[in-house]
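From first to last, the protein sequence lines stand for chains H and G. Here the first sequence is numbered in full-length UniProt numbering, starting from 1 and rising by one per residue. Here the second sequence is numbered in full-length UniProt numbering, starting from 1 and rising by one per residue. For each residue, glycine too, the CB sits at the ideal point set by N, CA and C. Remember, it's a predicted structure, so these values are computed and weren't measured experimentally.
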Amino acid sequence: MLNDQQWSQLLLSFVEEARDLAKQAEEYLLQLEQTPTDEDAINGLFRAMHTLKGSAGLFSLTPLVNFTHHLESLLMKVREGQQALTPVLLDLLLRGLDEINAMVELIDADSGELPVDEARHAGLIAALTSHEVSPLIPLTVIEPDACKAFGRLDKCANCDQEAAWHISLRLQPEILANGFDPASFLRYLSRLGDILQLELIDDALPALADIDPESCYLGMEIDLCTTASKAEIEEVFEFIREFCTLRILPPNAALEDYLQLIHDLPETDQKIGRILVASGLLTELELDQALRLQAADAQQPRPLGSVLVEQGMVPAQGVNAALAKQQTVREKRNQEHSQIRVAAHKLDELINLVGELVISAAGAQLRAQLKGDAACIESTQTVNLHVEQIREAALKLRMIEIGDTFNRFHRVVRDVSQQLGKDIRLEIQGADTELDKAVIDRLADPLTHLVRNAIDHGIEPAEQRLAAGKPAEGHLRLDAYHESGMIVIEVADDGRGLNTQRIREKAIARGLIDAQANLSDHDVQMLIFAAGFSTADNVSDLSGRGVGMDVVRSAIDALRGTIEIDSRPGAGCTFRIRLPLTLAIIDGFLISLGDDYFVIPLDMVTECLELEADQLDGAAYGYLDLRGRPLPCLSLAAHFKLREAPSKRRNIIVVSHGRQQAGLIVDHLHGELQTVIKPLGQLFQHLQGIGGSTILGSGQVALILDIPSLFRHLHTHVEASPADLRTSQPRQIAAGQQGETPCNSSAT
Amino acid sequence: MFTLQQQASAVGTCLALSGNLTIYEVRDARDALLGAFGAQPSGHWQLDLSALDELDTAGAQLLLAAQRQLRLSDATLEVCNPSAEALELLQLLRVQTLFSSHAPAASGGRHAQ
Chain H
1 MLNDQQWSQL LLSFVEEARD LAKQAEEYLL QLEQTPTDED AINGLFRAMH TLKGSAGLFS
61 LTPLVNFTHH LESLLMKVRE GQQALTPVLL DLLLRGLDEI NAMVELIDAD SGELPVDEAR
121 HAGLIAALTS HEVSPLIPLT VIEPDACKAF GRLDKCANCD QEAAWHISLR LQPEILANGF
181 DPASFLRYLS RLGDILQLEL IDDALPALAD IDPESCYLGM EIDLCTTASK AEIEEVFEFI
241 REFCTLRILP PNAALEDYLQ LIHDLPETDQ KIGRILVASG LLTELELDQA LRLQAADAQQ
301 PRPLGSVLVE QGMVPAQGVN AALAKQQTVR EKRNQEHSQI RVAAHKLDEL INLVGELVIS
361 AAGAQLRAQL KGDAACIEST QTVNLHVEQI REAALKLRMI EIGDTFNRFH RVVRDVSQQL
421 GKDIRLEIQG ADTELDKAVI DRLADPLTHL VRNAIDHGIE PAEQRLAAGK PAEGHLRLDA
481 YHESGMIVIE VADDGRGLNT QRIREKAIAR GLIDAQANLS DHDVQMLIFA AGFSTADNVS
541 DLSGRGVGMD VVRSAIDALR GTIEIDSRPG AGCTFRIRLP LTLAIIDGFL ISLGDDYFVI
601 PLDMVTECLE LEADQLDGAA YGYLDLRGRP LPCLSLAAHF KLREAPSKRR NIIVVSHGRQ
661 QAGLIVDHLH GELQTVIKPL GQLFQHLQGI GGSTILGSGQ VALILDIPSL FRHLHTHVEA
721 SPADLRTSQP RQIAAGQQGE TPCNSSAT
Chain G
1 MFTLQQQASA VGTCLALSGN LTIYEVRDAR DALLGAFGAQ PSGHWQLDLS ALDELDTAGA
61 QLLLAAQRQL RLSDATLEVC NPSAEALELL QLLRVQTLFS SHAPAASGGR HAQ
């Protein structure tokens with residue numbers, strides 16, 4: 001049900017919670033150290049462990065559950081007075097907490113695994129159960145030992161190099177018998193650079209009487225002055241890799257460069273070995289070998305860093321640098337993942353303030369422009385730019401992914417389909433689509449209605465589905481995506497589709513439409529949103545009581561959204577909800593009619609064209625020719641019965657909504673405007689075509705056009721009233737003749 | 001092909017090695033050397049490598065072991081007149097101890113730092 005990403009997000013928030021709990025517990029413990037009888041602290045401590053255990057159980061983090069369980073039972077005894085809280089016990093508890101902290105940090109958010117050594121863990125738990133303080137072995141703390149092995153480097157006498165590579169070679173006895181002469185590799189090595197020093201290590205060589213002359217007892221310490229890389233040096237010994245132990249240490253001078261290189265590596269979250277390989281300090285082969293060594297020592301796994309240093313593969317400074325690098329990357333990542341929970345009302349306050357700021361900044365800019373002071377204009381422009389950024393950032397704070405809401409429906413679908421004996425699969429798409437939290441909250445109910453309806457009415461019982469040649473398993477899809485500044489949410493089923501005939505009959509029976517009315521299928525389908533409408537003959541627990549679709553409609557309307565139905569008989573039905581991304585502030589396009597200002601949501605504006613005054617001949621509605629295609633047009637002045645400006649030049653703004661396009665005829669274009677949406681008062685709530693208001697910098701009120709409602713209006717007038725159409729049709733003139741290029745948005 | 005010829009010299013005993021001393025010959029060479037040294041070798045031993053055609057690491061290792069063997073009974077060993085091939089390898093491996101009869105026994109086979 002949950003995808004991996006969601007799961008790891010949940011897991012990350014658990015890690016966050018666990019850290020908090022452990023911190024709380026530690027505070028309680030420290031308090032108890034002062035006053036060992038503090039009951040509140042004991043209870044708090046117990047609760048913290050209990051919560052941690054519970055949450056860890058949800059994520060199947062068994063080692064953590066086990067461990068906290070033992071701490072919990074120990075604390076239980078303390079709470080019940082069976083066990084005195086001695087300093088020794090406190091110490092044990094504190095160390096137990098450290099262990100929990102260590103485990104929490106070990107949780108792999110991607111795989112959900114908690115790699116803990118079972119054997120050691122058992123030992124720790126035994127210590128807890130017996131209440132005896134036994135030394136707890138600290139969990140893998142990466143702290144490399146100081147490099148003692150090969151710190152000594154000699155200065156190159158022959159060239160400018162400050163120091164030489166140190167190569168330490170230990171040969172296996174079989175090497176000679178396998179036909180390799182180590183000397184030939186030395187000769188090959190000398191091609192890379194000068195062998196400054198070579199010390200033959202023959203400590204293991206027995207006397208002649210005891211020697212197996214075909215076995216090799218030798219080793220070599222070589223100082224090589226070369227410009228070759230570590231990998232190149234390693235390559236020299238490629239063929240005898242199996243028969244020798246090879247350690248290559250960079251010269252001190254080069255080491256500095258390597259450390260710098262590690263520091264400069266791109267900040268990806270890499271394992272320490274990878275960082276070292278990327279820097280060239282460690283070769284792939286060495287890494288493999290070290291990992292094998294690490295794995296071989298299963299009883300007491302050591303950090304890779306200390307293995308590398310101990311094996312002399314990498315100098316301690318190198319490991320330290322890589323660790324530091326890893327640390328900074330991790331810290332950065334943790335910062336990215338760490339979250340702050342903020343009360344929603346605080347966010348609302350912030351958004352409100354930002355809204356006021358947008359208006360007052362616009363006012364300041366207007367003043368500056370009137371005054372004509374260039375410096376002042378410039379600085380207000382900068383202020384406005386920043387205000388715009390603040391606005392966007394503030395609005396993003398409210399954005400949450402719709403996935404959480406969608407995921408709730410797994411349960412709804414499961415329960416409802418079980419109740420109805422249907423087999424239904426829910427598919428979720430676009431769960432990461434972000435939407436204003438306020439919108440999402442108010443969307444849950446309408447979505448539930450739609451989902452329940454789809455399951456109850458839409459998807460047929462299995463027998464009917466099989467008879468219709470469909471798979472027995474019903475299919476329900478929830479999808480969310482962005483489309484031209486709106487978010488679209490789809491609830492789609494593969495059921496029988498809407499029965500238009502039945503809807504029509506019911507609508508006539510209920511007096512919603514006239515029996516003679518000639519409605520298109522689409523219009524008939526939209527009737528299901530009428531109040532009190534239900535086609536179900538029997539009222540079920542789930543739906544059919546006629547409460548629902550009208551509630552869905554009004555909820556969507558309240559969100560300034562629209563809903564459309566796409567139903568194919570026998571193939572299924574899709575409800576498509578279009579919503580604005582946010583309810584508070586939008587990017588608007590300011591226009592004017594005479595002295596009245598209006599705002600069109602910028603996302604809906606496709607282009608602006610110039611228009612001759614007489615094209616529509618004063619009619620409110622009509623068609624224009626837009627590059628050979630008919631464009632339904634609406635004259636805003638005529639529509640709102642406002643006085644037009646006497647100017648000859650007028651403009652058309654082409655707006656799109658969903659898949660429809662239309663032209664709005666206006667007087668002047670004023671360009672982009674950050675629009676803070678103020679709701680209309682109660683009196684104007686039912687005003688058609690107006691969605692809200694905003695205050696301009698000048699203090700003037702501008703009305704925000706409700707484009708979807710204008711579209712509906714235009715639709716009825718242009719298509720349903722042929723009279724209007726006729727009056728305007730003879731006058732149609734190609735808009736393109738006047739100039740097709742979209743106006744600059746700042747044109748006035 | 002490896003052969004060993006033993007003769008007395010002015011300073012002790014001289015062993016003339018000829019032919020090859022490589023991984024293929026070391027087993028025979030060891031036996032030959034052990035035979036030459038006997039149970040209680042003493043005095044100064046010289047190895048004449050002028051007739052040695054080929055020497056490899058196994059051979060060099062054998063020479064080192066021979067030196068060690070002699071040292072056990074307070075005898076000393078010195079490599080003399082190495083052929084070009086032998087010299088190249090001994091220099092490559094920097095086994096200077098083999099060239100000097102006066103190397104202190106306590107150095108354990110390592111060259112002086």
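Item                                                                                                                                    : Value
Inter-stretch contact at 8 Å, needing at least 3 Cβ pairs: the segment 162-178 of chain H / the segment 232-251 of chain H              : yes
Chain-order list of residues whose beta-carbon lies under 8 Å from that of Val676 of chain H (same chain, five-residue window excluded) : Gly355, Glu356, Val358, Ile359, Ala584, Ile585, Thr694, Ile695
Any C-beta of chain G under 8 Å from that of Asp194 of chain H                                                                          : no
Sheet register partners of Cys633 of chain H (DSSP bridge)                                                                              : H:Gly622, H:Gly663
Under the three-state DSSP convention, the category Asp108 of chain H falls into                                                        : strand
Option in G:Arg27, G:Leu87, G:Val11 with minimal Cα separation from Leu62 of chain G                                                    : G:Arg27
Within-8 Å CB hit, Arg187 of chain H to chain G                                                                                         : yes
For Gln197 of chain H, the three-state DSSP class (helix, strand or coil)                                                               : strand
Coil, strand or helix - Met220 of chain H by DSSP                                                                                       : strand
Alpha-carbon to alpha-carbon, Ala468 of chain H and Glu427 of chain H                                                                   : 22 Å
Per-residue burial, Val95 of chain G [other beta carbons within 10 Å of its own, 16 or more giving buried]                              : buried
Buried versus exposed call for Gly629 of chain H [16 or more other C-beta atoms within 10 Å across all chains shown]                    : It should be pointed out that residue 629 of chain H corresponds to Arg in this sequence rather than to Gly. Exposed, by the Cβ-count rule.
Helix, strand or coil at His482 of chain H [DSSP, three-state]                                                                          : strand
Sub-8 Å separation of Ala58 of chain G and Glu214 of chain H beta-carbons                                                               : yes
Interface partners of Leu33 of chain G on chain H, CB under 9 Å                                                                         : Leu208
Beta carbon proximity, Ala183 of chain H to chain G, threshold 8 Å                                                                      : yes
Test: Gly151 of chain H CB closer than 8 Å to a CB of chain G                                                                           : With a pLDDT of 28 at Gly151 of chain H, under the threshold of 50, the predicted position of this residue should be treated as unreliable, though the coordinate-derived value follows. Not one chain G Cβ lies under 8 Å of Gly151 of chain H.
Contact set between the segment 25-52 of chain G and chain H, restricted to residues whose Cβ is under 8 Å from the partner             : Val26, Arg27, Ala29, Arg30, Leu33, Leu34, Phe37
Arg726 of chain H versus Gly622 of chain H: straight-line alpha-carbon distance, rounded                                                : Low local confidence applies: a pLDDT of 37 at Arg726 of chain H is under 50, so the model's placement there is unreliable, with the coordinate-based value given in what follows. Arg726 of chain H and Gly622 of chain H: Cα-Cα distance of roughly 8 Å.
Contact with chain G by residue 752 of chain H, beta-carbon distance below 8 Å                                                          : A question about residue 752 of chain H goes unanswered here, because the residues of chain H that appear run from 1 up to 748.
Limits of the unbroken alpha helix (DSSP H) element including Pro708 of chain H                                                         : 707-715
8 Å Cβ cutoff met for Ala394 of chain H and Ile351 of chain H                                                                           : yes
Distance CB(Met49 of chain H)-CB(Leu75 of chain H) smaller than 8 Å                                                                     : yes
Chain G within 8 Å of Glu214 of chain H, Cβ atoms only                                                                                  : yes
Cβ pair Val655 of chain H, Ile600 of chain H closer than 8 Å                                                                            : yes
Buried versus exposed, by CB contacts within 10 Å (16 or more), His166 of chain H                                                       : buried
Beta-bridge partners of Ser656 of chain H, as assigned by DSSP                                                                          : H:Gln661
Rounded separation between Ile23 of chain G and Ala177 of chain H - CA only                                                             : 7 Å
First and last residue of the uninterrupted alpha helix (DSSP H) at His345 of chain H                                                   : 344-371
heavy atom of the ligand FAD below 7 Å from Gly681 of chain H C-beta                                                                    : Looking at this structure, you won't find the ligand FAD or any other ligand, since it has none at all.
Helix, strand or coil at Gly96 of chain H according to DSSP, with G and I counted as helix                                              : helix
Residue(s) in a DSSP beta bridge with Ser168 of chain H                                                                                 : H:Glu221, H:Arg247
The segment 256-263 of chain H in contact with the segment 194-207 of chain H per 3-pair CB rule at 8 Å                                 : no
Proximity below 8 Å, CB of Leu323 of chain H to CB of Gly305 of chain H                                                                 : yes
CA-to-CA distance, Ala321 of chain H to Glu286 of chain H, given in whole angstroms                                                     : 18 Å
Segment limits, alpha helix (DSSP H) that includes Pro82 of chain G                                                                     : Per DSSP, Pro82 of chain G belongs to no alpha helix (DSSP H) and is neither H nor E.
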